[in-house]
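One structure is given below, encoded as structure tokens.
Residue numbers (full-length UniProt numbering): 1 to 328.
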């Protein structure tokens, strides 16, 4: 029998859902519809718009009444800061609102009606929680919740099954559903906007796991609403990518290296192996998912620019919010 914790200590009004969107008003509308009908609802819903050029602003405003005007906070950024910058800003706004819990998500999901209640059941026990989500076709989406720390890469075949406890320890994170307590945000600071896209959530989840017991729980709370081209590998899928992702996948390895060095966990040989495996994986993705060899130049550009970041002696990790509070 699966263990189900008590929700008695969780107040839904103490939670904020923070969404990052960019030029996908149709998907955002579907997500906002799900937020308007969920029960219970969070205390606030923060929408970070990465300088969209479509009708995103109008779409958000059309939901203001159904989401309760006081609960909806809309921030349109002046420039596109990528998912990393958007989630950093979303976390900042939610934190400054006094939120105890912050639930991050992209615009290409919808929340199941009892999603917040399901996450809240685990809130009295853990402070960094990841729920499960359905893929576009309704199947269970497999997320790589464990990181091989010395390599700095996810473990692709970590067990998918849950035992009777209903949770599994994780040392990673995914901004498509990360549910995190303000105490942990205070200690590790905001997500690093310098990543722009890719590796940012894995790094943030890894940092959180160094401060608290992080878990993925056997609760379906989200559903993906965007179909992505995939290569069916049987027990796993490999998604299509883009030239921008290929560039940042390799460039941002340098940021992981910087964080590792700052925390004295960097092993040059093993981390280099992780970078090589990442490069190889992206080549496989190009050939078997996207059926092309074009795009490899973006991998090499990312490596080149990553070397410049690695040499930057002025670089510092994101500061804890404790320090900022003390200075204020």
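Where is the CB? At the ideal position from N, CA and C, for every residue including glycine. Note that the structure is predicted; figures quoted are calculated from it, not measured.
Within 10 Å of its beta-carbon, does residue i have 16 or more other beta-carbons around it, so buried, or fewer, so exposed?
| i | result |
| --- | --- |
| residue 132 | buried |
| residue 249 | buried |
| residue 311 | exposed |
| residue 287 | exposed |
| residue 319 | exposed |
| residue 53 | exposed |
| residue 161 | exposed |
| residue 316 | exposed |
| residue 308 | exposed |
| residue 21 | buried |
| residue 313 | exposed |
| residue 140 | exposed |
| residue 66 | exposed |
| residue 16 | buried |
| residue 284 | exposed |
| residue 210 | exposed |
| residue 154 | buried |
| residue 280 | exposed |
Is residue i helix, strand or coil when you go by DSSP?
| i | result |
| --- | --- |
| residue 21 | strand |
| residue 7 | The pLDDT assigned to residue 7 is 48, lower than 50, so where the model puts this residue is not dependable, and the model offers no usable value. |
| residue 145 | coil |
| residue 32 | helix |
| residue 101 | strand |
| residue 265 | coil |
| residue 64 | coil |
| residue 162 | coil |
| residue 326 | Residue confidence is low: residue 326 scores 41 on pLDDT, short of 50, so the model does not pin down where it sits. Its coordinate-derived value is still stated next. Helix, per DSSP. |
| residue 244 | helix |
| residue 37 | helix |
| residue 318 | coil |
| residue 16 | strand |
| residue 254 | helix |
| residue 72 | strand |
Over the uninterrupted beta strand (DSSP E) stretch that includes residue i, give me the two end residues.
| i | result |
| --- | --- |
| residue 130 | 128-134 |
| residue 108 | Here residue 108 belongs to no beta strand (DSSP E), and DSSP marks it neither H nor E. |
| residue 293 | Per DSSP, residue 293 belongs to no beta strand (DSSP E) and is neither H nor E. |
| residue 210 | Element bounds for residue 210: n/a, residue is neither H nor E. |
| residue 179 | 178-181 |
Run through the DSSP bridge pairs and tell me what residue i is partnered with.
| i | result |
| --- | --- |
| residue 167 | 217 |
| residue 154 | 147 |
| residue 224 | 109 |
Taking the continuous alpha helix (DSSP H) assigned at residue i, which residues delimit it?
| i | result |
| --- | --- |
| residue 312 | First-last for residue 312: undefined, no H or E at that position. |
| residue 47 | Unbroken run through residue 47 is the beta strand (DSSP E), 44-49; no alpha helix (DSSP H). |
| residue 92 | 82-96 |
| residue 198 | Looking at the DSSP string, residue 198 is not in any alpha helix (DSSP H), and its letter there is neither H nor E. |
| residue 125 | No alpha helix (DSSP H) contains residue 125, which DSSP labels as neither H nor E. |
| residue 77 | Run containing residue 77: none; DSSP gives neither H nor E here. |
| residue 120 | 115-120 |
Can you tell me the Cβ-Cβ gap for residue i and residue j, rounded? I've got them flagged as a contact below 8 Å.
| i | j | result |
| --- | --- | --- |
| residue 321 | residue 189 | 6 Å |
| residue 115 | residue 178 | Incorrect: roughly 13 Å between the Cβ atoms, too far for contact. |
| residue 111 | residue 222 | 6 Å |
| residue 90 | residue 48 | 4 Å |
| residue 216 | residue 258 | Going by Cβ atoms, the distance from residue 216 to residue 258 rounds to 27 Å, so no, they are not a contact pair. |
| residue 151 | residue 273 | 6 Å |
| residue 12 | residue 41 | 7 Å |
| residue 172 | residue 202 | 5 Å |
| residue 134 | residue 76 | Wrong, their Cβ atoms sit about 30 Å apart, outside the cutoff. |
| residue 84 | residue 197 | 6 Å |
| residue 34 | residue 192 | With 8 Å as the limit, residue 34 and residue 192 do not qualify as a contact, their Cβ atoms being about 29 Å apart. |
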